[in-house]
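Those protein sequence lines, which keep their order, are chains S, E, F and C. Heads up: the first sequence is residues 1 to 331, going by UniProt numbering. Heads up: the second sequence is residues 1 to 331, going by UniProt numbering. Heads up: the third sequence is residues 1 to 331, going by UniProt numbering. Heads up: the fourth sequence is residues 1 to 331, going by UniProt numbering. What follows is a short report on a single structure.
Number of protein chains: 4
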Amino acid sequence: MNVTGYAGIELARLLAGHPGVELVSVTGRSSAGQRIGQVFPHMANLDLTIKSELDEVDLVFSALPHHESADQLIPFIEQGVSVIDVSADFRLKDPGLYDEWYGFKHPAPELLKTAVYGLPELHRAEIRQSRVIANPGCYPTASILALGPALKAGVVGGNVIVDAKSGVSGAGRSLKLSSHFCESDEDVCAYAIASHRHQPEIFQELAGVSGDITGVTFTPHLIPMTRGILATCYAKLNNNVSETDVTAIYHDFYRDEPFVSVVSEAPHTKHTSGTNMCLVYTKIDHRTGLLICIAAIDNLIKGAAGQAIQNMNLMLGLPEETGLPRLAQFP
Amino acid sequence: MNVTGYAGIELARLLAGHPGVELVSVTGRSSAGQRIGQVFPHMANLDLTIKSELDEVDLVFSALPHHESADQLIPFIEQGVSVIDVSADFRLKDPGLYDEWYGFKHPAPELLKTAVYGLPELHRAEIRQSRVIANPGCYPTASILALGPALKAGVVGGNVIVDAKSGVSGAGRSLKLSSHFCESDEDVCAYAIASHRHQPEIFQELAGVSGDITGVTFTPHLIPMTRGILATCYAKLNNNVSETDVTAIYHDFYRDEPFVSVVSEAPHTKHTSGTNMCLVYTKIDHRTGLLICIAAIDNLIKGAAGQAIQNMNLMLGLPEETGLPRLAQFP
Amino acid sequence: MNVTGYAGIELARLLAGHPGVELVSVTGRSSAGQRIGQVFPHMANLDLTIKSELDEVDLVFSALPHHESADQLIPFIEQGVSVIDVSADFRLKDPGLYDEWYGFKHPAPELLKTAVYGLPELHRAEIRQSRVIANPGCYPTASILALGPALKAGVVGGNVIVDAKSGVSGAGRSLKLSSHFCESDEDVCAYAIASHRHQPEIFQELAGVSGDITGVTFTPHLIPMTRGILATCYAKLNNNVSETDVTAIYHDFYRDEPFVSVVSEAPHTKHTSGTNMCLVYTKIDHRTGLLICIAAIDNLIKGAAGQAIQNMNLMLGLPEETGLPRLAQFP
Amino acid sequence: MNVTGYAGIELARLLAGHPGVELVSVTGRSSAGQRIGQVFPHMANLDLTIKSELDEVDLVFSALPHHESADQLIPFIEQGVSVIDVSADFRLKDPGLYDEWYGFKHPAPELLKTAVYGLPELHRAEIRQSRVIANPGCYPTASILALGPALKAGVVGGNVIVDAKSGVSGAGRSLKLSSHFCESDEDVCAYAIASHRHQPEIFQELAGVSGDITGVTFTPHLIPMTRGILATCYAKLNNNVSETDVTAIYHDFYRDEPFVSVVSEAPHTKHTSGTNMCLVYTKIDHRTGLLICIAAIDNLIKGAAGQAIQNMNLMLGLPEETGLPRLAQFP
């Protein structure tokens, strides 16, 4: 549902190349009746018409805006259709956070208990059993994968800082001055400082990993590039841990993960472009006793559409890697 | 052979995802002994070591620089191994043009007669039968696909102009001031005006399509983007032809082509990114009697690695589309 | 009038640093009442409030959209105030062209006869005497300066082709999908092919230089950069002219021009950034008998605000270079 | 001395437009004998030849690499010529830090005591009296201006974090893979994590402001833009301070500064482009008790050449703003 945004159309593209599913129906709010290639010329080779209502389906992805997504998905959930929600509407466990951060009263707070936060590296077993998946936000995906192993191992705690850098596609396809080429090109700026909606999501999941975390300061930045998120995270090391120890912790944590690589040099977002990979790197600043953890992803794939398909593969019992690139389009 | 450039590594990436072949061996001049992920971190998920010499193979791609490519390929050709040369060494039929434009005496002029210029849209049948394929240059691919149908139909003739715009990856991975970010970002310039090596290649192939062409003026430009070529071509309409006629000629010419689309709006290079597609568009300027033909490609795929694989598919009798994306990575 | 677009605010910035004038009043349609730094933070150091109506002034610049500009300027012209119109409303001599190309009936066709086309390199003497200056369009500035000397000298004629490349700022600050960062970044495309409004303007002025010109084919392209225009022009050499002859013609033509340099290497738009300079270069393609002339400008300065100030300097009898940078901000 | 890098040539450009000085002589290591426009076409309008040795001068700027800069400046200092060193060679007070961080033994450790760190906002009075100015590094300029007022006022302390983002021009004009357009475009990465040479410089100056600071974690990032640095800084608030208090502290601190603006929205580097301005912004994260301070500068101007001229103005008793733009080239 709703392929007319960047995450939605990327989902359509990846599903079109997925050998295990058939993309039977796409919807778009303002473009119903048009062929997909009229809205997105890069998809002209796909013979699909955008509809206003879904056909009968086995599984629904929603790339609708928050609030609207829950409203549209609830009937499907009640009919027993599996749903993967790319919006934020089922991510937070505490219904009150929707009032506080998103400004609406959640229409089905009881569903928040059963919905599973779709980060396979943390919740793979529950995802396999669930019918309602809350696909993680782009910034939380990078931040949680960067900090999770150190928190889990108990080597860091307290307040953590996430200084994140995102390409402009994260702000969507709708028109705003901050996405105008002439304003964002050759520029970098922070936004939504200490007030971004992904902050409670990052905190909820990291607090689920370890009770040692007490808070998250989250500062997103807009970078003059189209795709990619780099999350540079800072956490206080709470005892004498060596570089070798930390590296071992991360390699252990991600040993069997198909889409996370622990790398030995500071990662580049460009090396993830077009893939579902997350590249994770750690470094200790011995002078200040901080652990610096960095994660790089393609915000539209591991940060949205690709992770949704990874979740779908798990729900349907398909091999987890199916239809998901692991080699980047570079340069 | 030689994966250490941008075309070479793109070839390795596409071959790694190709279901009908096995990538058994890669070489690189200066990086022998390194794992492929050490030179190109975006390829770290591919477990291959770069060698100095090829193993025993059925088919060789060469992405070596010109002259060196011929020298290395000739022994393979003599042993009956099929070769696809991404360099320019087998593209020109007249050996004298190598002295004139490339500054070396061709080491095997007799092979130039049997080598096939690997543009499937013009030479599909010969490619299927050949053992030596000269993979077209990036600019010629776009220029010939833009102008070919009109010349073939006899509606244009005389001197043609190709004003082409290329992303910086066309200049390769080696270090030069003109590829320095700070010099090429926020800049556009022409280069090699009336003296670029792709001029004789474009002329040779278009003259093969129609004797009505008398010359090519070719002006390449460097654009601050990584991938993509747009060729804007101008040719004198030699009689009263309508927009409808021209459109019909192009649709007829490319009717069954899997990798050329005749589009109804001026094409964007970005809509070809990551694909083997060429988007072609035509428009008549009635005031001046010119036909304007525009083609957009991804210079590293349809303009290099993808077309090489398209040729390989034809040589090996595989379905032509195998392993070649048709939906772009966008945005 | 109307500083809320890119050309308007650049005019305000340059006037603020101009030693010979005082910027007394700025207007903006939707931002009246705001301080200039609220609309444009880069201008926060300038203490000016945007008004809805002009104060009493000696000279008015208008950066309003076409049609509206004429409507607003006519009263000032009637009161004898000098005006420099950055819009197109006084550029075309033939009133019928406004119906044909701009879709409105010109409100004061008699003024078109007395208004002077403000390209100092062609019309310096008239500009000095005039009260109504039509400031040239960005593409016409580059195109006319590139082709003018060769036409004047009679070495080229017939139909000419202008293949122009512009940064995104040329499309203005208003929001459109084609100016969205994610759509224009890493992309190049042609637009308004054989139908751009600058075509009749280029033709009018070049026809004024020489009756030998019979038509103009004009193809603008959008380039992923903020500022700059490169016009690559093609014209048939009508007799045996050498490279040396052409170079001499251009050097002669521009010998005393403070803002045109004839350069010996193909020019980069980046080398004009922030300046009022136009860099001009020529090259003969002997194979096809074409002259290739290239001009590079900063579209917002020599292509708009800077040229307007150059015209003002001439009208006010100030040294022509006053307040206009000649050294580029680079890189 | 040494105009062949980006900081050096920007210094030459600004000095050429400075009304109070005459640029008599420029040197460049590899380009001696060439006109300045041959090395930098954007400077072609300046009639200067690059020399191998300086003429007789009153004041020398050095934009040489570190170590070489000290070696070349020492003779001038000994002759009583005023010097402004854009390199790092006189910035650190402790000679041992040159061994540790720069890998060379300082040739004149006694001069480190008398050299003044040329950040006018901290050391204006000493700069006026000094003959040897160590012009601050680009990252330190932004970091110190962001954190200085809060430290001075005693509202923050402990370890601070500086997460900085720089355009590619900060890496210089020399050729490296990381400055290749195709590698840095559409990419963001961290580098020199916990090991960058600007770390001791930031710490030295901030420790001079307040003994409450115990350490600096400094993480620079490379951003796909040419100019600009954004420093996002995090410091623990050590008592109950309100947003209003902090804002007042910053406004007080910078009240009379011509080149620092305390802004009310998160600053954009683009709004400083071409100027000597530093834009500073603060925000409290009440959930975690952190102060977030952000500074934006043009790395080549306030971060290098412009600050050098600001220092020169102070040394020569000229008005401090002379020759230094305060309105940005935007967009």
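Just so it is clear, CB atoms sit at the ideal spot from N, CA and C, and this is done for glycine as well.
Take S/T217 and list the residues in its own chain whose beta-carbon comes closer than 6 Å to its own, dropping the five residues that flank it on each side. I161
According to DSSP, what are the bridge partners of F/I161? F/T217 and F/Y234
Nearest-angstrom Cα separation, counted from C/A88 out to C/G96: 14 Å
Can you name the residues that DSSP bridges to E/T27? E/K51
Where do the N-terminal and C-terminal ends of the alpha helix (DSSP H) with F/A146 fall, by residue? C138 to K152
Interface residues of chain C facing E/L177 [CB-CB closer than 9 Å]: R173 and L175
F/E257 to E/I50 span [Cα, whole Å]: 58 Å
Work out the CA separation of S/E121 and S/R128 for me, nearest whole Å. 12 Å
Contact criterion: CB-CB distance below 8 Å. Does S/Y6 meet it with respect to chain F? yes
Proximity to residue 337 of chain S [Cα-Cα], best of S/R287, S/A266, S/A231 and S/G228: Residue coverage of chain S in this structure runs from 1 to 331, which leaves residue 337 of chain S outside it and unanswerable.
Sub-8 Å separation of E/P224 and E/E186 beta-carbons: yes
In or out: C/K113 buried (at least 16 other Cβ within 10 Å) or exposed? exposed
Beta carbons nearer than 8 Å to chain F: which residues of the region 215 to 247 of chain E have them? G215, V216, T217, T219, H221, I223, P224, M225, T226, R227, G228, L230, T232 and Y234
Quick check on the DSSP output: what are the complete beta strand (DSSP E) runs of length 3 or more inside the UniProt domain "Semialdehyde dehydrogenase NAD-binding" (2 to 130) of chain F, in order along the chain? 59 to 62 and 82 to 85
Can the beta-carbon of C/V26 be found less than 8 Å from the beta-carbon of C/L48? yes
List, in order along the chain, the chain S residues whose C-beta lies closer than 8 Å to that of C/L182? Checking the sequence, you will find Cys at residue 182 of chain C rather than Leu. The answer, in chain order, is P331.
List the endpoints of the continuous alpha helix (DSSP H) containing E/A207. H198 to V209
Whole angstroms are fine: how far does the CA of C/L111 sit from the CA of F/Q307? 50 Å
Return the CA-CA distance between C/A142 and C/I301, expressed in angstroms with no decimal places. 12 Å
Classify E/A266: buried if its beta carbon has 16 or more other beta carbons within 10 angstroms, exposed otherwise. buried
Mapping the DSSP letters down to three states, classify F/V168 as helix, strand or coil. helix
Would you mind telling me which residues of chain S sit closer than 7 Å to C/I191, beta carbon to beta carbon, in chain order? Checking the sequence, you will find Tyr at residue 191 of chain C rather than Ile. The contacting residues are A266.
Residues of chain S with CB under 7 Å from F/V168, in chain order? F181 and C182
Measuring only the C-alpha atoms, how far is S/A194 from C/I284? 8 Å
I'd like to confirm the pairing. Which residues does DSSP put opposite S/K302 in its beta bridges? None; S/K302 has no bridge partner.
Do the CB positions of C/A235 and C/A164 come within less than 8 Å of each other? no
The region 10 to 28 of chain E / the region 307 to 316 of chain E touching (three or more Cβ pairs under 8 Å): yes
Can you tell me whether C/H251 is buried or exposed? The criterion is at least 16 other CB atoms within 10 Å of its CB, across all chains shown. exposed
Skipping 5 residues on each side, what residues in its chain have a beta carbon closer than 6 Å to that of E/I249? P149 and A153
Would the beta-carbon of F/E205 fall within 8 Å of that of F/Y117? yes
Tell me where the beta strand (DSSP E) around S/S261 begins and ends. V260 to V262
Measure from the C-beta of C/I202 to each C-beta in chain S and report whether the shortest distance is under 8 Å. no
S/A44 vs S/N2 beta-carbon contact at 8 Å: no
Quick one: does S/D85 have its CB under 8 Å from some CB of chain C? no
Apart from the five residues on each side of it in sequence, which residues of its chain come closer than 8 Å, Cβ to Cβ, to C/S261? Y254, M277, C278, L279 and V280
Helix, strand or coil for C/T288, going by three-state DSSP, please let me know. coil
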